[in-house]
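The numbering used here numbers the first residue of the sequence shown as 9 and each following residue consecutively. First up is the structure itself, then whatever we jot down about it.
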Amino acid sequence: MTRTNALVVPQATGALDQLKYEVAQELGIAVPQDGYYGNMATRDTGAIGGHITRRLVQIAEQQLAGQYK
């Protein structure tokens with residue numbers, strides 16, 4: 009399967025992966041080490057994605073607030 013959601017900043021791959029593992033750990037969800045998410049519940053993957061989105065929005069808001077002080 010090909011990835012259609014290519015990153016705008018490819019150098020951010022490592023940071024986003026780290027964020028995924030941090031969020032999953034906070035939620036008590038075990039992320040498969042082999043990278044295959046087919047055996048995970050949709051609810052769990054959705055929870056991880058939702059929390060990552062919230063965290064990314066928070067980071068962006070903080071950066072914008074710092075620029076426009």
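From the three backbone atoms N, C-alpha and C, an ideal C-beta is built for every residue, glycine too. As the structure is a prediction and not an experimental result, all values here were calculated from the model.
- Separation of the CB atoms of ILE56 and VAL31 is rounded to 5 Å, and the pair is thereby assigned contact status at 8 Å.
- Distance from LEU27 to THR21 at the Cβ level is roughly 11 Å; contact not present, criterion being Cβ atoms closer than 8 Å.
- Between ILE37 and MET48, the C-beta gap is smaller than 9 Å, which places the two residues in contact.
- DSSP, reduced to helix, strand and coil, places ILE37 outside both helices and strands of the structure shown, so it counts as coil.
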